Each structure stands twice: as structure tokens, then as C-alpha cells.
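Under the numbering used here, read the sequence shown as residues 210 to 420, first letter to last.
The block underneath contains the structure these notes are about, expressed in C-alpha cells.
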Amino acid sequence: MNNLDDKLLEYITACSSSEDPVLAELYRETHSKILYPRMISGHLQGKLLEFISRMIKPTFILEVGTFTGYSAICLAKGLLPGGSLHTIEINDELQSVIKKYITKAGLDDTIVLHTGDAREIIPLLKPEFDLVFLDADKQHYLDYYKAVYLKMRRGGYLIADNVLWGGKVINFSGDKETCGIKAFNEFVKNDDRVEKLMLPLRDGLMLVRKR
Ligand SMILES: C[S@@+](CC[C@H](N)C(=O)[O-])C[C@H]1O[C@@H](n2cnc3c(N)ncnc32)[C@H](O)[C@@H]1O
């Protein structure tokens with residue numbers, strides 16, 4: 210979605226449902242007040258996450274990498290009544306903005322924010338997740354994958370963002386992030402415990418289903 214011609218992107222956006230006003234406000238606040246706003250999912254990817262979540266109808270969702278909460282709010286829209294979304298963010302400076310928008314979205318009783326390192330928090334969670342969204346730092350994707358796999362129910366789904374990493378996965382690049390994404394992609398490719406589909410949307414999405 211990022212690499213498209215601006216006019217085509219405008220057309221695609223016009224042909225899609227409009228952005229929820231709370232999410233539009235969060236998007237604006239993220240761009241005016243938060244460092245590295247490009248990390249936010251945004252309208253089209255957010256809608257895609259919402260659609261996938263609504264199709265899966267999960268009871269429990271886990272997100273690794275909250276940032277300002279945009280994708281968490283989108284994913285939570287697909288939860289069955291009584292379900293909950295756990296989201297993990299290492300940067301405690303983001304807590305107030307995340308909490309503000311969870312409240313504005315009416316999701317105080319639905320979204321549980323964990324502040325800390327996902328590698329320490331994931332092992333403490335109950336193994337019950339129907340849907341996982343992996344979107345934290347790219348260097349440790351494989352660590353997160355191995356940890357969350359144990360917490361997914363059979364038949365559960367995982368979506369990993371940025372698996373093309375701007376195309377660096379097929380060009381020589383020795384930086385830590387590209388190496389992390391390549392190690393994750395290679396591991397998932399050879400992981401017979403799961404079905405997988407890599408989608409060339411935006412920066413690449415890997416869809417995984419635990420057998
Ligand atoms: C790409 S952003 C997430 C974007 C968000 N999911 C969205 O779509 O709007 C990645 C986030 O992961 C967080 N992060 C990085 N390493 C982490 C870790 N070890 N545990 C938890 N969060 C981490 C970063 O602080 C950052 O806010």
C-alpha cells in the first residue's frame with residue numbers, strides 16, 4: 210500500500226470504508242507529537258487487520274508492539290463479545306497516549322496493555338490466543354515467533370508485519386533488522402507446524418496458521 214502511485218492510493222482509499230474518527234484523531238496525534246510516526250499502521254492496513262479479525266472472530270488476541278495503539282483498536286473490533294486483546298509495548302512513554310485512545314474507542318474493558326519487554330511478558334501469558342499480530346522490533350522477530358507459537362491455540366492465526374522490510378530481504382544488507390526479518394522468514398518457511406502465506410501488501414505481511 211505504501212509503494213503505490215498517490216492517485217491510485219487516493220482511489221483505493223475512496224473505494225474503502227472511511228476511517229473511524231477516533232483512529233483518524235489518533236493518527237493525527239501520532240504524527241504531530243510522537244517520534245517515528247511512520248511506524249503506525251494507518252487507515253488501509255488498519256482496515257485490513259479489522260477485516261481479518263472480524264473473519265476469524267477471535268476470543269483472545271495478542272499484539273506484540275503496540276506503538277500508539279492504532280492496530281490494537283482495529284484488531285479489537287473483531288473480538289467476540291467477552292473477548293480481550295493483550296498488547297505489549299516496551300516504551301513506557303507511550304502509555305498515556307495508548308490509554309487515552311483505548312478509552313476514546315470504548316475499549317477499556319477489552320484491551321489489556323502490558324508495558325515491558327515482550328520477551329519477558331509473553332511467557333507469562335495464558336496459552337489461548339486465536340490471533341497474534343507481530344509488529345515489534347525486527348531484530349527479534351524469530352524470538353517473538355518462537356515464544357508466541359507456544360501461546361497460540363491449534364488452528365490459531367498469526368500476522369507478521371514488515372516481512373519484506375522495504376525489499377531489503379532480497380538485496381544484500383547486513384543490518385540487524387534485515388537479518389532478523391530474514392531469519393524469521395526462513396524459519397517460518399521451513400516450519401512444518403504451520404501453513405503460511407506471504408502477502409506483498411504494504412511492507413509485506415506473513416500470514417501463519419498453526420496446524
Ligand atoms: C512498528 S511499531 C508498532 C506499530 C503498531 N502495531 C501499529 O500498527 O500502529 C513497533 C513497536 O514495538 C515496540 N517494541 C520494540 N521492541 C519491543 C519489545 N521487545 N517488547 C515490546 N515492544 C517492543 C516499539 O517500542 C514500537 O512502539
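All C-beta atoms, glycine included, are put in the ideal place defined by N, C-alpha and C.
Fair warning: this is a prediction, and the values are worked out from it, not measured in the lab.
List the endpoints of the continuous alpha helix (DSSP H) containing residue i.
{"i": "valine 231", "result": "230-242"}
{"i": "aspartate 215", "result": "215-223"}
{"i": "aspartate 370", "result": "Note, aspartate 370: premise wrong, no alpha helix (DSSP H); beta strand (DSSP E) at 361-370."}
{"i": "phenylalanine 260", "result": "252-265"}
{"i": "glutamate 329", "result": "327-330"}
For residue i, which three-state DSSP category applies?
{"i": "methionine 210", "result": "Reliability of the predicted coordinates at methionine 210 is poor, the pLDDT of 46 falling under 50, and no value is obtained from them."}
{"i": "aspartate 401", "result": "coil"}
{"i": "lysine 335", "result": "coil"}
{"i": "lysine 308", "result": "helix"}
{"i": "lysine 286", "result": "coil"}
{"i": "leucine 322", "result": "strand"}
Could you pull out every residue in the same chain whose Cβ sits closer than 8 Å to the Cβ of residue i, ignoring the five residues on either side in sequence?
{"i": "glutamate 259", "result": "Cys283, Leu284, Lys286 and Gly287"}
{"i": "tyrosine 350", "result": "Leu343, Ala369, Gly389, Ile390, Ala392 and Phe393"}
I'd like the span of the beta strand (DSSP E) that includes residue i, first residue to last.
{"i": "tyrosine 245", "result": "Tyrosine 245 -> no beta strand (DSSP E), and no H or E assigned at all."}
Tell me which same chain residues have a C-beta within less than 6 Å of the C-beta of residue i, skipping the five on either side of it?
{"i": "methionine 406", "result": "For clarity, residue 406 is leucine in the given sequence; the question names methionine instead. Leu416."}
{"i": "lysine 385", "result": "Gln348"}
{"i": "lysine 360", "result": "Leu334, Pro336 and Phe338"}
Spatial neighbours of residue i within its chain, please: CB distance less than 7 Å, with the 5 preceding and 5 following residues excluded, ordered by chain position.
{"i": "arginine 362", "result": "Glu337, Phe338 and Asp339"}
{"i": "leucine 316", "result": "Ile282 and Ala285"}
(request) For the segment 281-291 and the segment 306-320, state whether three or more C-beta atom pairs, one from each stretch, are separated by less than 8 Å. (result) Contact between the segment 281-291 and the segment 306-320 is present: three or more C-beta pairs spanning the two stretches fall below 8 Å.
(request) Please determine if the segment 241-253 and the segment 265-278 are in contact, where contact requires at least 3 C-beta pairs separated by less than 8 Å. (result) Judged by Cβ distances under 8 Å, the segment 241-253 makes contact with the segment 265-278, as three or more pairs qualify.
(message) Below 8 Å, how does it come out for the segment 293-307 and the segment 214-225: are there three or more Cβ pairs, yes or no?
(response) Output reads no: the segment 214-225 does not touch the segment 293-307.
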